[in-house]
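Under the working numbering, the first residue of the sequence shown carries the number 9, and numbering increases by one thereafter. Encoded as structure tokens, the structure appears first; notes follow it.
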Amino acid sequence: MRDLIAFITMHLLPPTAAFAAWNEYRKRRRAMLVLTFAGSATAGLGLLLDRPGLGLIGLLVLCPPVIAMRRDFRDDNQ
């Protein structure tokens with residue numbers, strides 16, 4: 009039972025939260041901060057717990073808000 013709880017909290021919750029935040033990002037830019045936090049926290053957990061798959065998920069979650077921030081910054085400067 010403990011393994012099931014650990015699996016759910018480490019592998020299912022961060023991507024689910026990130027997906028919900030990404031859908032919310034389309035409505036509000038504030039959710040970009042949630043995505044950034046979720047991605048960096050998941051990547052950090054992956055490093056801390058020595059789980060490379062979890063770290064990779066965190067990095068994949070972290071990429072879209074960074075790209076969006078860069079695009080917004082570029083648009084503001086033009």
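Note that the Cβ used here is the ideal one computed from N, Cα and C, for glycine as well.
Neighbourhood of residue i by C-beta distance below 7 angstroms, restricted to the same chain and skipping five residues each side
i   : result
A76 : M40
Contacts around residue i, its chain only, beta-carbon distance under 6 angstroms, and the 5 residues preceding and following it disregarded
i   : result
G63 : A51, G54 and L55
Under 8 angstroms between C-beta atoms of residue i and residue j
i   : j   : result
L43 : P23 : no
L68 : S48 : no
With 16 other Cβ atoms within 10 Å as the buried cut-off, status of residue i
i   : result
G66 : buried
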